[in-house]
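**Student:** Structure below; questions to follow.
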Amino acid sequence: MKINYTYYKIDIANIREYERTCNLLGKTSEVLGLMILEKIEAVIFNQSEPVFGLNDYDSKDKYYSDYKKRHEAVSNNVVGRFNLNFFFKEGDCFDYDEPIIMDKSFPDFDFWFVLKLRQYEFRLSEIRNFLNFQLETSFNNDKNQFIDFLEVNMDKYQTQLIENEVIDTVKDLIENNFDDKLILKMKYDKSILFKVLEAYFDSKNHSELNQLLTEHEIQNKICFKSNANQFVMIFRQLHMHQKIIGTLKNTEDWICKYFTYLKQKRVTDFNAENVHKILTKQSYDIPKSKRINLPSLVYTKDKS
60 MKINYTYYKI DIANIREYER TCNLLGKTSE VLGLMILEKI EAVIFNQSEP
110 VFGLNDYDSK DKYYSDYKKR HEAVSNNVVG RFNLNFFFKE GDCFDYDEPI
160 IMDKSFPDFD FWFVLKLRQY EFRLSEIRNF LNFQLETSFN NDKNQFIDFL
210 EVNMDKYQTQ LIENEVIDTV KDLIENNFDD KLILKMKYDK SILFKVLEAY
260 FDSKNHSELN QLLTEHEIQN KICFKSNANQ FVMIFRQLHM HQKIIGTLKN
310 TEDWICKYFT YLKQKRVTDF NAENVHKILT KQSYDIPKSK RINLPSLVYT
360 KDKS
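If you read the sequence shown in our numbering, its first letter stands for residue 60, the second for the next number, and so on.
The structure is reproduced here in structure tokens:
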């Protein structure tokens, strides 16, 4: 599936091509695919001129009838309709590739916005740029209005259209007020956490560790001098006890951006997939001898 992640406009032709691929791959149900396609056809019918129609040809004309028959042959087949590059409505033929750009003046703008947003599930890092573009072009840089719009529609379309990773990324950006900073906010005593962790870092890195724990950024990664799972489990526990303000995705990004660990005595970057698994898996554990316990928190294995 080839996607132009830096094309931030909400373009009907762009959305149809993505949804066509999702339908062919079985990623979208036929019911949802049909609903999306019919909405696309309604927009094109209302916003553009037909390629040709009964004003141009008699209904029995071979050119007209051949196209009409091709359309009728797949009228009850969602995949077949997606594979055509045209459709008929009220006797006229329309082109699916009509470049119609959606803005807030369009009915169901929230629906089209979410369809575009869901394309970024394979490039979460580009969501910030998409949202900033829409903030400027569709919301006239009214950040409060835009945040209200996002919060309502993340909840509205969560189970139907948007993957959890996309929603988590949007929520992280909202929490940080679209700031570029990647920080971790906690309700756990940061001085206690620092005392727990300091033995696992070189003394020369203690200042940077303290900066990270107190919601600041650092320039270079610092090394946790033990294995990866031990470190990530600390933040899993904090999440499970609701001591971290923010999403698991934000914590995952924070760990991968600022920390390394020792693997067979070699400094190694954290693997995002492994960090994600430890943070999110329903039941995950490490040997008791490897656990780093946090004062005042009861160690728990299973996520509620």
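Just so it is clear, CB atoms sit at the ideal spot from N, CA and C, and this is done for glycine as well. A quick note: this is a predicted structure, and the numbers were derived from the prediction, not measured.
Give a yes or no on contact between the stretch 103-113 and the stretch 61-69, applying the rule of three or more CB pairs nearer than 8 Å.
**Tutor:** No: fewer than three Cβ pairs fall under 8 Å.
**Student:** Hey, T339 and T327: beta-carbon distance below 8 Å or not?
**Tutor:** No, the Cβ-Cβ distance between T339 and T327 is not below 8 Å.
**Student:** Mind checking which residues open and close the alpha helix (DSSP H) that includes Y77?
**Tutor:** Y77 -> alpha helix (DSSP H) spans I71 to L83.
**Student:** Is it the case that the stretch 209-225 contacts the stretch 295-304, given that we only count it when at least three CB pairs across the two stretches are under 8 Å?
**Tutor:** Judged by Cβ distances under 8 Å, the stretch 295-304 makes no contact with the stretch 209-225, as fewer than three pairs qualify.
**Student:** Taking a contact to mean a Cβ-Cβ separation below 8 Å, would you say L220 touches V173 in this structure?
**Tutor:** Yes. Within cutoff.
**Student:** Along the chain, which unbroken stretches of the beta strand (DSSP E) at least 3 residues long are found entirely within the stretch 144-176?
**Tutor:** 145-148 and 151-154, all fully within the stretch 144-176.
**Student:** Which two residues bound the contiguous beta strand (DSSP E) that contains L321?
**Tutor:** Element bounds for L321: F318 to K322.
**Student:** Of all the options F181, S342 and N203, which has the alpha carbon lying nearest to the alpha carbon of N63?
**Tutor:** It is F181.
**Student:** Under three-state DSSP, which class holds F329?
**Tutor:** Looking at F329 - three-state DSSP - the assignment turns out to be coil, as it is neither helix nor strand.
**Student:** Contact between the stretch 277-292 and the stretch 304-322 is defined here as three or more beta-carbon pairs at a separation below 8 Å; is this criterion met?
**Tutor:** The stretch 277-292 is in contact with the stretch 304-322.
**Student:** From F168 to D162, what does the alpha carbon distance come to, in whole angstroms?
**Tutor:** About 7 Å.
**Student:** Rank I351, I226, N264 and R75 by C-alpha distance to the C-alpha of E157 and give the top, closest one.
**Tutor:** When only C-alpha atoms are compared, the closest one is R75.
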